[in-house]
Each structure stands twice: as structure tokens, then as C-alpha cells.
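Below is one structure, written out as C-alpha cells; comments come after it.
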Amino acid sequence: MSALSTIRTHPEELKRAIETRNKPYPDVDELVRLDTECRRMAGEVNALRATRNERGRALAEAKKKGGSAADEGVARELALLRDSIAEQEEALQSLEEKRDALVLLMPQVPHASVPVGRDARDNVVVREVASTVATIAHPKPHFVIGPELNIIDTERGAKVAGEGFYFLVGDGARLEMALVNFMRESHRQRGYTEVLPPILVSRDSMVGTGQLPKFAEDSYNTVLDDLWLIPTAEVPLTNLYRDEVLLGTDLPLKVMGFTPCFRREAGGHGVETRGIARVHQFNKVELVQFSHPEKSYEQLELLLADAEAIVKALGLRYRILNLCTGDLPDKAAKCYDIELWAPGAERWLEVSSVSNFEDYQSYRAGIRFRDQQSAKPEFVHTLNGSGTALARLMIAVVETWQTSEGAIEIPPVLRPAFGGQERLAPTRLVGERELGRGRRGWTAG
RNA sequence: GCUGAGGUAGCCUAGCCUGGGAAGGCGCCAGCCUUGAAAGCUGGUGGCGGCGACGCCUCGGGAGUUCAAAUCUCCCCCUCAGCGCCA
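Per the numbering used here, residue 1 is the first one in the first sequence, and the count goes up by one each step.
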């Protein structure tokens with residue numbers, strides 16, 4: 001049920017849903033009142049236009065037979081009618097704009113299986129899975145071992161781009177790309193079509209997936225062209241089929257895409273941001289599905305399994321949360337988070353959000369499907385899941401696969417990408433900064 | 001970036017000069033015919049409102065002229081071709 005028709009048919013359900021979300025939203029009653037008024041006015045304008053069209057056609061007929069003074073009178077009369085139509089149309093338009101702006105701020109109705117709760121503390125752990133790696137007692141956090149091995153360089157990242165940016169170097173970069181390629185191949189085998197999308201998108205696309213208008217301050221944009229740097233590949237992948245009608249027999253459509261993601265993360269500083277757990281740019285493999293509404297919750301479970309397969313194959317400790325109503329994003333009807341355990345930093349890291357948006361996005365982006373040629377197009381359900389986010393995945397790998405000698409073992413599934421190499425090699429290119437004056441240039445690895 | 005040609009319903013196309021209910025074809029759907037199918041014939045096939053007869057909106061988007069705009073004027077977007085620039 002799309003936002004506007006939910007407002008018309010189930011305002012009470014929407015009201016209850018909003019209450020469980022425990023955040024402020026526009027007043028439903030006000031919205032219903034606005035919508036009713038819009039429809040009443042539309043009817044009036046409609047009737048006026050009918051009169052204008054009818055009289056106008058009669059005038060054309062009369063003119064064909066030769067004009068007269070009477071026709072001039074009709075024309076003057078119609079000019080007045082035109083002005084009052086214009087006036088009414090203007091009023092209607094501003095009312096509709098007001099209504100539509102409110103509709104865009106309305107959240108999705110949570111699914112019945114979503115636990116009711118006030119905030120993140122009420123999220124429900126669906127399951128927790130232990131690491132299959134023999135982890136050492138006290139592994140170093142990535143922000144210690146990363147610089148030691150010279151595979152993660154946040155200082156130079158800050159120098160070049162500012163706080164929240166970093167370089168991956170040498171085997172650090174190789175590890176990231178090996179993880180990316182492992183994930184791409186895994187998802188390809190699970191039936192996803194790979195796309196390499198634009199990472200700058202138009203304002204319309206950002207509205208289509210719900211990043212705008214509400215979360216403008218979370219994203220970077222270009223002033224001259226009003227293009228936006230994607231915060232997630234969800235934006236271009238979901239907008240792939242914007243304003244299109246899909247074939248019911250093609251559903252579910254499954255696409256994946258690897259992109260960098262850009263987030264301003266305004267206001268997030270402190271212990272939690274040390275290292276690369278919370279950065280302005282990171283890479284991610286994203287999964288998106290366009291589903292038949294009746295199948296979308298089955299698909300959600302399959303999508304979760306697709307994302308889960310990655311962290312499982314890497315032997316990492318993880319848990320899956322069912323987000324409660326108070327923590328659920330506006331656009332989601334249901335959302336699972338996959339969190340990885342980082343044994344060095346000793347904290348859980350969110351690496352994947354697996355969500356069913358139902359028709360929240362398809363309504364905004366105009367993505368529909370038709371079951372039969374004759375049937376009316378309906379909105380698809382869109383789902384997406386990170387499959388998964390790098391940087392944080394990198395943290396968990398680097399901390400979980402540490403040896404007591406201070407090395408990092410390469411997970412077996414990634415070794416083919418390293419030509420069979422078993423451990424990450426420290427990077428050898430360093431300067432005075434690391435070595436001190438007098439020992440410049442290359443050192444033996 | 002410059003010059004030119006274009007953008008009409010799912011697709012293809014007419015209408016634009018000369019303003020007055022968007023025509024036709026393909027595809028698709030339904031019906032007739034048929035043992036079945038094809039062919040053929042008939043009808044339907046953008047969106048919104050209404051139980052409905054019906055009405056309104058829609059010709060890439062917006063603004064303007066006009067009683068009336070697919071059609072005339074202006075601005076913008078996109079596609080194609082040529083030229084320029086370029087990883």
C-alpha cells in the first residue's frame with residue numbers, strides 16, 4: 001500500500017505505526033484533511049475546465065460558419081472563466097505541494113514481525129554465530145596493527161582529504177580487493193546480475209530511494225550541477241528501474257553493484273571513530289531486489305542468507321539483529337542488521353543492513369510491475385542488503401585472523417587471489433616519518 | 001563546448017508550415033471463426049476521479065501568447081550526427 005493510499009484507506013494503522021517508531025512525524029489527521037481538500041478542489045477545477053472546453057468547442061464551430069458579434073461576447077466570457085480557472089488551479093497546486101511534501105516525510109508501516117521498542121537497546125538478537133577461527137587471546141585493534149604493518153594509513157588520509165579518510169596500502173589494498181572480488185563472485189553464483197553504476201546521481205534519484213528530502217545533511221553534493229555522491233549503491237541500483245513497468249514473470253530481479261560510498265557523518269567523533277570504523281568514504285558490495293509484493297518477505301530471508309554467507313565463509317563471529325520499531329529506518333518495514341565482532345577493538349560493528357522497504361521506494365521512484373497485459377501496474381517491493389560493507393569487514397578480518405607473532409593470516413577463501421600467499425606482507429615503502437632521519441627509502445620487508 | 005536534426009501512447013510513425021476533439025501501423029489482450037493453432041474479421045490496449053453514463057489530464061519538462069497550443073514564442077533537459085576538447 002503506497003504512502004498516499006495508506007493515508008486514505010488506513011489512517012489509523014499509519015498513526016499506530018508512527019507511535020511505535022517513537023519519533024516525531026507530520027500529523028496524520030492534518031494530512032488526511034489536506035488530501036480531502038485537494039480532492040474536493042480538484043473536482044471543482046475539473047468541472048470548470050469541462051465548461052471551458054465545451055464552450056470553446058462551440059465557439060470554434062460558430063467561427064467556422066462565419067464569426068459574429070455574439071461570438072465576441074462568448075470569447076470575452078471565456079476569458080473571465082480562464083482567469084478563475086487559473087486562480088483555482090494555483091490554489092490547488094500549492095495545496096498539493098504541501099500535501100506531497102508531508103507524504104514524503106511519512107515513514108513506512110513496520111511489519112508485524114518487527115519487535116516494538118524504544119531505541120537500539122530494544123533490538124532483538126535473532127542469532128549469534130561463533131568464529132570458526134582459533135583467535136588469539138588479545139589481538140591488537142586494527143588501528144594499532146594496521147599502521148604497524150603499514151597496510152592502513154589514516155594519518156596520510158587525513159592529510160590528503162581530511163579527517164575520516166584513509167589509504168589502504170600494499171597488501172591492505174590487495175586484501176580489500178580480494179574481499180570485493182570474493183563477494184562479487186559469491187553473489188553472482190547466487191543469481192545476482194552485476195552492474196557498475198554511476199556514483200554521482202541526480203536529486204531525483206536521491207528522492208526516489210528516500211535519502212532526500214529528509215537526510216540532505218548526511219550526503220555530499222556538488223554545488224554547480226546538483227549531483228549527489230551516493231551514500232550507498234542502493235541509490236543507483238534501485239533507481240535503475242525508476243519510472244518503469246517490469247514484467248511480473250521477471251520478478252524477483254536481483255542486482256548487485258560494487259561502489260565507493262560517501263557519508264558526511266556530521267557530528268560523529270570520539271573513541272568509536274578511531275581507525276576506519278566510521279569514515280567518510282568506504283567501499284561496499286550492495287545487493288538489491290525488486291520483488292512481487294506477495295513474495296517480498298520470503299525474499300528478505302533469502303537476501304539475509306546471501307549476505308550472511310560472506311561473513312560465514314570468512315570464519316568471523318557475527319550476530320543478526322531484528323531492529324525494533326524505535327530503531328527502524330523510516331523507509332524500512334523490516335530490517336535485519338548483521339554485526340561483526342572485532343576482537344581487538346572489542347566491539348560489534350554493523351556491516352550489513354538487510355531491509356524490506358515494501359513500496360516506500362517504488363512509490364517514490366515509480367517502479368511498478370504488471371502480472372498480465374490487462375492488469376493495472378502495481379508497485380513492486382524493493383529490498384536491499386549490504387553484501388557487505390568493506391572497511392568494517394576489513395577490521396574484523398584483520399583482528400580475527402591475527403597470529404600471536406603479530407602477523408595477519410589470509411583467510412583460505414581469499415588465498416587464490418594472493419597466489420597462495422598465507423600472510424599479509426608488511427608494506428615496504430616508507431619514509432623518514434616511519435624510520436627517522438638517516439634511514440631513508442626502502443627497507444627490507 | 002559549437003552546429004544541425006530530432007523527442008508524439010509498450011514500440012514505430014502522421015499531424016506542426018496554415019492553432020480548434022491525437023490519426024495509422026506493429027506488438028499485446030479479449031471475442032468471432034477453427035478439432036486445435038495460424039491467417040482473417042471485430043473490439044480493446046497512457047494516467048486521475050466517479051458505482052456509472054461520463055468528465056478531466058497527458059504529445060521530453062517549464063513559462064508565455066490566445067476564448068483555444070502537439071501546433072506559435074522563450075528557457076531548460078535528453079537522444080542522434082558532424083566538428084572541437086579529452087582519460
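Ideal placement from N, C-alpha and C gives every residue a C-beta, glycine not left out.
1. Cα-Cα, which of Ala389, Ile410, Leu95 and Phe290 is closest to valine 398?
2. Which whole-angstrom value describes the C-beta separation of glutamate 339 and leucine 321, a residue pair presumed to lie in contact below a C-beta threshold of 8 Å?
3. Using CA atoms only, rank isn't needed, just tell me which of Arg317, Leu287, Gly275 and Tyr363 is closest to serine 131.
4. Buried or exposed: where does valine 502 fall if 16 or more other Cβ atoms within 10 Å of its Cβ makes it buried?
5. Among Gly248, Asn384, Gly326 and Tyr220, which residue has its Cα nearest to the Cα of valine 285?
6. Count the other CB atoms, across all protein chains shown, that sit within 10 Å of the CB of glycine 419; report buried if there are 16 or more and exposed otherwise.
7. Just verifying my parser: in three-state terms, what is the DSSP assignment at alanine 425?
8. Applying the 10 Å Cβ sphere with the 16-neighbour rule, what's the burial state of alanine 17?
9. Distance check for serine 296 and aspartate 371, CA to CA, integer angstroms please.
10. Taking just the CA atoms, how far does alanine 216 sit from histidine 381?
11. Express the C-alpha separation of glycine 157 and leucine 424 in angstroms, rounding to a whole number.
12. Pull up the CB-CB distance for proline 252 and serine 291, whole angstroms please, since I reckon it's below 8 Å.
13. Please report how far the alpha carbon of phenylalanine 167 lies from the alpha carbon of glutamate 97, in whole angstroms.
14. Under the DSSP definition of a beta bridge, which residues are partnered with alanine 389?
15. Counting pairs of beta carbons, one from the stretch 119–128 and one from the stretch 224–236, are three or more of them closer than 8 Å?
16. Excluding sequence positions up to five away, which residues of its chain have a Cβ less than 6 Å from the Cβ of arginine 203?
17. Output the distance between the C-alpha atoms of histidine 187 and histidine 111, rounded to the nearest integer angstrom.
18. Please classify histidine 142: is it buried, with 16 or more other beta-carbons within 10 angstroms of its beta-carbon, or exposed?
19. Tell me the DSSP secondary structure of glutamine 88 in three-state form.
20. Does DSSP put glutamine 93 in a helix, in a strand, or in coil?
21. Starting from lysine 334 and walking both ways along the alpha helix (DSSP H), at which residues does that stretch end?
22. If you drop the 5 nearest sequence neighbours on each side, which residues of the same chain put their C-beta closer than 7 Å to that of glycine 445?
23. Between which residues of its own chain and alanine 333 is the CB-CB distance below 7 Å, once the five residues before and five after are set aside?
24. With distances taken Cα to Cα, identify the nearest neighbour of glutamate 265 among Pro293, Val114, Asp218 and Glu61.
25. Enumerated in chain order, which unbroken segments of the alpha helix (DSSP H) with a length of 4 residues or greater are wholly contained in the stretch 157–237?
26. Please confirm if the stretch 41–52 is in contact with the stretch 5–15, defined as three or more CB-CB distances below 8 Å between the two stretches.
27. Cβ of glycine 275 within 9 Å of Cβ of isoleucine 395?
28. Do valine 207 and methionine 256 come within 9 Å of each other at the CB atom, strictly closer than that value?
29. Could you give the residue range of the beta strand (DSSP E) that holds phenylalanine 262?
30. Check for me: the beta strand (DSSP E) holding glutamate 358 runs from which residue to which?
31. According to DSSP, simplified to helix, strand and coil, what is aspartate 153?
32. For the alpha helix (DSSP H) holding asparagine 123, just list the boundary residues, first then last.
33. Please say whether tyrosine 363 and leucine 81 have beta carbons closer to each other than 9 Å?
34. CB of glycine 419 to nearest heavy atom of the ligand MN: below 8 Å?
35. Check the C-beta distance from serine 352 over to aspartate 330 and give it rounded, since I have them as a contact under 8 Å.
36. With 16 as the cutoff for other CB atoms within 10 Å, does valine 223 come out buried or exposed?
Taking the coordinates as given:
1. Ile410
2. 7 Å
3. Arg317
4. Given a span of 1 to 445 for the chain in the structure shown, any question on residue 502 remains unanswerable.
5. Asn384
6. exposed
7. coil
8. buried
9. 15 Å
10. 24 Å
11. 21 Å
12. 4 Å
13. 45 Å
14. Lys284
15. no
16. Asp226
17. 27 Å
18. buried
19. helix
20. helix
21. Careful: lysine 334 lies outside any alpha helix (DSSP H), inside the beta strand (DSSP E) at 334–342.
22. At glycine 445 the pLDDT is 42, less than 50, meaning the model places this residue with poor confidence; the figure from the coordinates comes in the next sentence. Only Ala425, Pro426 and Arg428 meet the Cβ criterion.
23. Gln108, Val109, Pro110, His111, Asn356, Phe357 and Glu358
24. Asp218
25. 171–189 and 203–208
26. no
27. yes
28. no
29. 253–262
30. 347–358
31. strand
32. Premise fails: asparagine 123 is in no alpha helix (DSSP H) and is neither H nor E.
33. no
34. Absent from the structure shown: the ligand MN. Ligands present: none.
35. Incorrect: roughly 19 Å between the Cβ atoms, too far for contact.
36. exposed
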